[in-house]
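Asks: Protein chains in written order, with this note's numbering: chain X, 1 to 255; chain Y, 1 to 255. Ideal Cβ positions, reconstructed from N, Cα and C, are used throughout, including at glycine. Please read through the structure below; I'll follow up with questions.
Here is the structure:
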């Protein structure tokens with residue numbers, strides 16, 4: 001009996017025309033039937049945002065030739081929801097998001113639209129993976145990343161993924177031969193030290209542009225930051241229970 | 001020696017003119033020096049979104065009379081970042097967010113702008129609390145919620161909060177005398193079963209509006225959902241490490 005081809009939903013946060021999602025589609029298209037639902041404009045830093053106060057638009061696209069693809073006016077999480085509930089009307093076998101132009105290690109999992117799309121997949125009980133390359137350039141070389149994608153996607157399609165989990169995969173900016181392997185690791189304890197670039201517009205009115213520096217407070221060798229700095233691919237299994245279980249028994253409030 | 005008055009940053013996701021944030025300001029203004037930085041328009045469902053692809057505007061507001069307040073063009077998390085890094089230039093003693101018009105229990109912590117503002121506070125090491133009233137009406141009665149806010153804020157200012165934690169406080173829609181107390185609990189295992197309202201605009205073009213039903217798969221009596229359904233205030237301590245530590249040792253990927 002011929003096994004049914006897996007259905008793979010592809011999304012990202014850099015938008016449907018980004019080289020990163022093009023590289024991702026190329027890497028996964030041999031594994032199954034592909035559906036691309038991606039934002040019509042860049043949605044970096046959109047985190048787990050969903051569109052509730054305005055309508056969503058979905059435009060059939062020819063961006064990927066014969067592959068079914070849609071540009072969506074909403075966020076990456078909107079794309080996942082529309083892909084499952086409006087286009088497919090069933091759960092795909094796999095969701096892949098990315099390949100993000102730039103790192104999504106550590107606490108960036110909270111800000112990242114790429115990763116929030118994967119977390120939404122986990123909430124739906126669907127094996128989901130967010131891929132990021134630590135290269136912000138729009139002309140980044142995704143060839144090594146594509147090999148990593150193929151290897152991990154193949155393994156996930158064969159072995160599955162623990163339920164309620166998605167993977168945050170970050171790939172170092174290196175030729176494939178220089179990548180030492182995959183480290184399964186935890187999210188590093190690191191944060192943005194924010195700064196606002198305080199500017200004046202042509203009318204003399206002030207505006208602010210968020211900038212800053214990402215700083216680690218984590219010396220551990222079991223983190224995603226360590227893995228990347230040491231030429232490994234980092235793979236953090238991500239879950240969505242934000243309860244601080246460690247303090248549950250220690251808190252007591254009354255009124 | 002006179003103790004320095006605590007500085008309290010107030011934000012929300014329903015926008016600076018929402019009755020909920022007005023009720024919150026009224027409830028906390030006796031506890032210290034108040035700074036309000038709130039979105040200039042509703043930002044429900046914005047999750048942990050930050051504005052990186054466009055500039056931010058900050059408008060001094062008279063909305064709260066003599067209290068220092070600003071309307072911000074960005075998200076709740078942008079408001080927290082601007083409050084700390086651009087307006088105060090130091091960390092406030094407490095961040096309070098809300099009072100949200102509607103529940104933020106369970107996995108809604110991921111979608112909620114109200115809660116993401118509090119999580120951003122936790123990332124900054126600042127005691128932070130998101131408050132929500134399980135009443136979506138713009139004419140909701142916040143008087144019982146205000147008493148709950150006062151009681152919890154007083155306790156947090158006196159006793160502090162474990163580091164890297166914020167609180168997700170949901171208040172049932174009940175008169176104060178009917179509220180049984182505060183339950184410290186975990187995030188329930190519950191999810192949105194999404195649906196899209198598929199409509200046509202006046203030009204005949206399709207658009208989609210996200211809707212759905214929130215469904216629980218959790219029979220536990222130690223959850224926020226259970227607490228609210230049983231007339232308690234729910235208090236979930238929330239942390240920002242999304243690593244699925246329980247599967248870390250069980251995964252192994254190679255290529």
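Quick one, are the C-beta atoms of residue 219(X) and residue 164(X) less than 9 Å apart?
Replies: Against a cut-off of 9 Å, the Cβ pair of residue 164(X) and residue 219(X) comes out as no contact.
Asks: Mind listing which residues of the stretch 94 to 105 of chain Y have their C-beta closer than 7 Å to chain X's C-betas, in chain order?
Replies: Against chain X - using a Cβ distance shorter than 7 Å - the stretch 94 to 105 of chain Y contributes no residues.
Asks: Answer yes or no: do residue 100(X) and residue 112(X) have a C-beta to C-beta separation smaller than 9 Å?
Replies: Yes, Cβ-Cβ distance for residue 100(X) and residue 112(X) is below 9 Å.
Asks: DSSP state of residue 118(Y), grouped into three classes?
Replies: Looking at residue 118(Y) - three-state DSSP - the assignment turns out to be helix.
Asks: So what does DSSP say about residue 207(X), is it helix, strand or coil?
Replies: DSSP places residue 207(X) in strand when its eight states are reduced to three.
Asks: Apart from the five residues on each side of it in sequence, which residues of its chain come closer than 7 Å, Cβ to Cβ, to residue 18(X)?
Replies: Same-chain partners within the cutoff: 12, 101.
Asks: Going by DSSP, which residues form a beta bridge with residue 96(Y)?
Replies: BP columns for residue 96(Y) point to 10(Y), 129(Y).
Asks: Could you tell me which residues DSSP puts in a beta bridge with residue 59(Y)?
Replies: Answer is 71(Y).
Asks: Step through the CB atoms of chain X and report whether any lies within less than 9 Å of the CB of residue 158(Y).
Replies: No - not a single Cβ of chain X is within 9 Å of the one on residue 158(Y).
Asks: Please report the distance separating the alpha-carbon of residue 233(Y) from that of residue 179(Y).
Replies: Spanning the two alpha carbons is a distance of roughly 7 Å.
Asks: Among 14(Y), 121(Y), 157(Y), 236(Y), which has the Cα closest to the Cα of residue 138(Y)?
Replies: When only C-alpha atoms are compared, the closest one is 14(Y).
Asks: Pull up the distance between the alpha-carbon of residue 120(Y) and that of residue 77(Y), whole angstroms please.
Replies: Whole-angstrom Cα-Cα distance: 6 Å.
Asks: Give a yes or no on whether 9 Å exceeds the smallest Cβ distance from residue 22(Y) to chain X.
Replies: It does not; no Cβ of chain X falls within 9 Å.
Asks: Inspect the beta-carbon positions of residue 206(Y) and residue 58(X) and report whether they are closer than 9 Å.
Replies: In contact: residue 206(Y) and residue 58(X) (Cβ atoms closer than 9 Å).
Asks: So, are the CB atoms of residue 168(X) and residue 118(X) less than 9 Å apart?
Replies: Their beta carbons are under 9 Å apart, which means residue 168(X) touches residue 118(X) by this criterion.
Asks: Have a look at residue 74(X) and residue 171(X) and give me their C-alpha separation to the nearest angstrom.
Replies: If you take the alpha carbons of residue 74(X) and residue 171(X), they lie about 27 Å apart.
Asks: Bridge partners of residue 251(X), per DSSP?
Replies: DSSP output for residue 251(X) lists no bridge partner at all.
Asks: What distance in whole Å lies between the Cβ atoms of residue 194(Y) and residue 312(X), which are believed to be in contact at a cut-off of 8 Å?
Replies: Because residue 312(X) is not part of the residues shown, which for chain X are 1 to 255, the question remains open.
Asks: Buried or exposed, going by whether 16 or more other CB atoms sit within 10 Å of the CB of residue 186(X)?
Replies: By the 10 Å Cβ count, residue 186(X) comes out buried.
Asks: Compare the C-alpha of residue 133(X) against each of 145(X), 123(X), 127(X), 70(X) and name the closest.
Replies: Nearest option by C-alpha distance: 145(X).
Asks: Using a C-beta to C-beta distance shorter than 7 Å, which residues of chain X count as neighbours of residue 195(Y)?
Replies: Here the neighbours are 85.
Asks: Can you tell which of 55(X), 48(X), 10(X) has the C-alpha that lies nearest to the C-alpha of residue 200(Y)?
Replies: For residue 200(Y), the nearest C-alpha among the options comes from 55(X).
Asks: Would you list, in chain order, the members of the stretch 133 to 161 of chain Y that have their beta-carbon closer than 8 Å to a beta-carbon of chain X?
Replies: Within the stretch 133 to 161 of chain Y, the residues whose Cβ lies closer than 8 Å to some Cβ of chain X are 147, 148, 151, 152, 155, listed in chain order.
Asks: Cβ of residue 8(X) within 9 Å of Cβ of residue 93(X)?
Replies: Yes, these two residues count as a Cβ contact at 9 Å.
Asks: Checking the sheet assignment: what are the DSSP bridge partners for residue 54(X)?
Replies: DSSP lists no partner for residue 54(X).
Asks: Residue 114(Y) versus chain X: which residues are under 7 Å apart at the beta carbon?
Replies: Correct list: empty, because the minimum Cβ distance to chain X is about 13 Å.
Asks: So, under 8 Å CB-CB, residue 29(X) and residue 67(X) are touching, yes? Tell me the CB distance rounded to an integer number of Å.
Replies: Correct: roughly 7 Å between the Cβ atoms.
Asks: Consider the Cβ of residue 79(Y): report whether some Cβ of chain X lies at a distance smaller than 9 Å.
Replies: It does not; no Cβ of chain X falls within 9 Å.
Asks: Residue 241(Y) touches chain X at which residues, Cβ-Cβ below 7 Å?
Replies: Neighbours of residue 241(Y) on chain X, chain order: 187.
Asks: With a cut-off of 9 Å, does the C-beta of residue 127(Y) fall near any C-beta of chain X?
Replies: Chain X contact via Cβ: absent.
Asks: State the start and end residues of the unbroken alpha helix (DSSP H) segment that holds residue 86(Y).
Replies: Segment: none, residue 86(Y) is in no alpha helix (DSSP H) and carries neither H nor E.
Asks: Do you know whose CA, among 41(X), 198(X), 23(X), lies nearest residue 79(X)'s CA?
Replies: Taking only the C-alpha atoms, the option nearest residue 79(X) is 41(X).
Asks: Does the CB of residue 209(Y) have a neighbour CB from chain X at under 9 Å?
Replies: Answer yes: the Cβ-Cβ gap between residue 209(Y) and chain X drops below 9 Å somewhere.
Asks: Given this structure, state the Cα-to-Cα distance separating residue 221(X) from residue 188(X), to the nearest angstrom.
Replies: Roughly 9 Å separates the two Cα atoms.
Asks: Are the beta-carbon atoms of residue 49(Y) and residue 212(X) separated by less than 9 Å?
Replies: Against a cut-off of 9 Å, the Cβ pair of residue 212(X) and residue 49(Y) comes out as no contact.
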